[in-house]
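Only one structure is covered here, and it is reproduced in the block below.
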Amino acid sequence: MKRKYHSLVSIFLLLGVIGILNGCSSKEATSVTDNQVILVGTQNDYPPFAFADENNELVGYDIDVVNEIDKRLDGYTFKFVAIPWDSMFLALESNKIQAIADQIAKTPEREEKYLFTDESYFAAETVIVVKSDRTDILTLEDLEGKTVGALAGDSYTLLLEEHNKKVDNEIILRYSESGNPSEILQDVQTGRIDAYVNDPIMINAVLEKFDLDLQVVGQPIVLDNMGIVFRDDEHGEELKALIDPILKELKEDGTLSELSIKWTGGDYIPE
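Shown next as structure tokens:
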């Protein structure tokens, strides 16, 4: 019988878990009633994919996807750890978590360092958001010379950094200290920055929550497939081999589509 899913919604709880792990053998630390505990990193402020609800419990599309995997995979128990974006991959590399489910786009640079599930569980667009009264920004080229909010290391920022390598009039990137997309969008609202580039589903959720007078403009810049991420080692290979068939099953039986519609209002599951 699988253990009930538990949510770790505080980074301080993560530190407590790490302390326990340091005091135990590897086998003792990862075994609970004969189940191997897999700590899954995600954010707690990225609606509707992963965010803390009014009870401070992690909810969202990515959370539900991993919970479905947990139900169908015997011998493992998945627990979530809320981690700021700028610490996510460091936590994975140091084995403080064993997987990431946080709308991570598959990019060549990341696939050189980490393992991704072959099965993508979401297809996300990349769009530009500006104040509703702006008419001078529609394309990536229109952002040149303007100030755009950024999170270090995310796929949207990498896209802008790559663009800057090819042009003389660079996009001015203002990196967020908080690592919170909601705060960046509020900076667009106040005029501290000109625009933000991210996923339209998350953007619209934040606009509704904070009643921001912003709009998505132009055509989508790119389309990214999202995967669950593991360390590129033997344990990562083991988890990938176990989870890929379940993601395929969730896709084929319509579960992913149902969850996508539940959380986003549309079916964004790649073929």
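So for the sequence shown, our numbering puts the first residue at 372; every next one is plus one.
Note that CB positions come from ideal geometry on N, CA and C, so glycine has one too.
Computed from a predicted structure; not experimentally measured.
Residues of its chain near residue i, where Cβ-Cβ distance is below 6 Å and the 5 sequence neighbours each way are ignored
i, result
"residue 469", "409, 410"
"residue 586", "503"
"residue 570", "495"
"residue 633", "none"
"residue 461", "none"
Three-state class that DSSP yields for residue i in the structure shown
i, result
"residue 593", "strand"
"residue 490", "coil"
"residue 420", "coil"
"residue 607", "helix"
"residue 481", "helix"
"residue 642", "coil"
"residue 508", "coil"
"residue 468", "coil"
"residue 521", "strand"
"residue 444", "coil"
Best match in the options for proximity to residue i [C-alpha to C-alpha]
i, options, result
"residue 491", "634, 636, 628, 635", "628"
"residue 576", "590, 432, 546", "432"
"residue 473", "597, 407, 426", "597"
"residue 434", "419, 426, 547", "419"
"residue 531", "590, 549, 547, 512", "512"
"residue 525", "567, 540, 517", "567"
"residue 484", "495, 464, 554", "464"
"residue 475", "466, 520, 456, 564", "456"
"residue 480", "539, 529, 565, 559", "529"
"residue 522", "550, 537, 535, 536", "550"
"residue 520", "561, 428, 599, 537", "561"
Same chain only: Cβ atoms within 8 Å of residue i, ignoring 5 sequence neighbours per side
i, result
"residue 588", "498, 499, 500, 501, 505, 508, 509"
"residue 407", "401, 446, 447, 448"
"residue 424", "430"
Bridge partners - residue i, DSSP secondary structure assignment
i, result
"residue 496", "594"
"residue 453", "413"
"residue 436", "Its beta-bridge partners do not exist; DSSP assigns none."
"residue 460", "Paired residues: none, contrary to the question."
"residue 502", "585"
"residue 474", "Paired residues: none, contrary to the question."
Same chain only: Cβ atoms within 7 Å of residue i, ignoring 5 sequence neighbours per side
i, result
"residue 615", "488, 489, 490"
"residue 572", "419, 635"
"residue 637", "631"
"residue 518", "543, 545, 564, 565"
- Query: Hey, which unbroken runs of the alpha helix (DSSP H) at 4 residues or more fall wholly within the region 528-580?
  - Reply: 552-561
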